[in-house]
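Novice: At position 53 of the sequence shown (counting the first as 1) the number is 124 in the working numbering, and the numbers step up by one without a gap.
Backbone N, C-alpha and C fix where the C-beta goes; we use that ideal spot for every residue, glycine too.
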Amino acid sequence: MSAAAASRSASEDAPARVITGFRQDDEGQWVARLACGHGQHVRHLPPWQIRTWTQSAAGRDAMIGSVLTCRKCLRGEPPDTPDVAARAD
C-alpha cells in the first residue's frame, strides 16, 4: 500500500469530531479546535489543499459545528487542551 493510500485509510477510520473553534499556531497557520480537545491544522495551500474558508473570520465561523476526522483520537493520544482533559475525568 502506498503512503497516500495508507493516509487515506487512516483518515477513513478516524472518528469524526466537531469543530468548536479556531486558533493560529506560532507560524500563523489556522488550527481547528475539536470537541475532543485535539487541534488539527486546516491549511489553505493551493493547489494541494483548497480551504479558502480559512482566510476570513466569516468563513471560519461558518465551519464551527462541522466535523473533521481526528487521527489523534484514532491513535489514543491525550487531548492537546488541558482543560478538556480535566473535564473528561
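1) Specify, as a first and last residue, the run of the alpha helix (DSSP H) that Ala133 falls within.
2) Ignoring anything shorter than 3 residues or poking outside the stretch 97–124, list the beta strand (DSSP E) runs there in chain order.
3) Determine which residues share a DSSP beta bridge with Arg88 and list them.
4) On the CB-based measure, 16 or more other CB atoms within 10 Å of its CB, does Arg146 come out buried or exposed?
5) Give me, in chain order, the residues of the same chain whose beta-carbon lies closer than 6 Å to that of Val113; leave out the 5 immediate sequence neighbours on both sides.
6) Tell me, please, whether the CB atom of Gly130 is closer than 9 Å to any CB atom in chain D?
7) Taking just the CA atoms, how far does Leu116 sit from Ala133?
Specialist: Straight from the coordinates:
1) Residue 133 sits at position 62 when you count from the first residue of the sequence shown. Taken as a continuous stretch (DSSP letters only), the alpha helix (DSSP H) holding Ala133 covers Ala128 to Met134.
2) The stretch 97–124 contains these whole beta strand (DSSP E) runs: 101–105 and 110–112.
3) As a working note, residue 88 is residue 17 in the sequence shown. Paired residues: Leu139.
4) Taking the first residue of the sequence shown as position 1, residue 146 is located at position 75. That one is exposed.
5) Working through the sequence shown from its first residue, we reach residue 113 at position 42. Answer for Val113: Trp101, Ala103, Arg122 and Thr125, listed in chain order.
6) Given the protein chain composition of this structure (a single chain), no chain D is represented.
7) The residue given as residue 133 occupies position 62 in the sequence shown. The residue given as residue 116 occupies position 45 in the sequence shown. One alpha carbon belongs to Ala133, the other to Leu116, and they sit about 20 Å apart.
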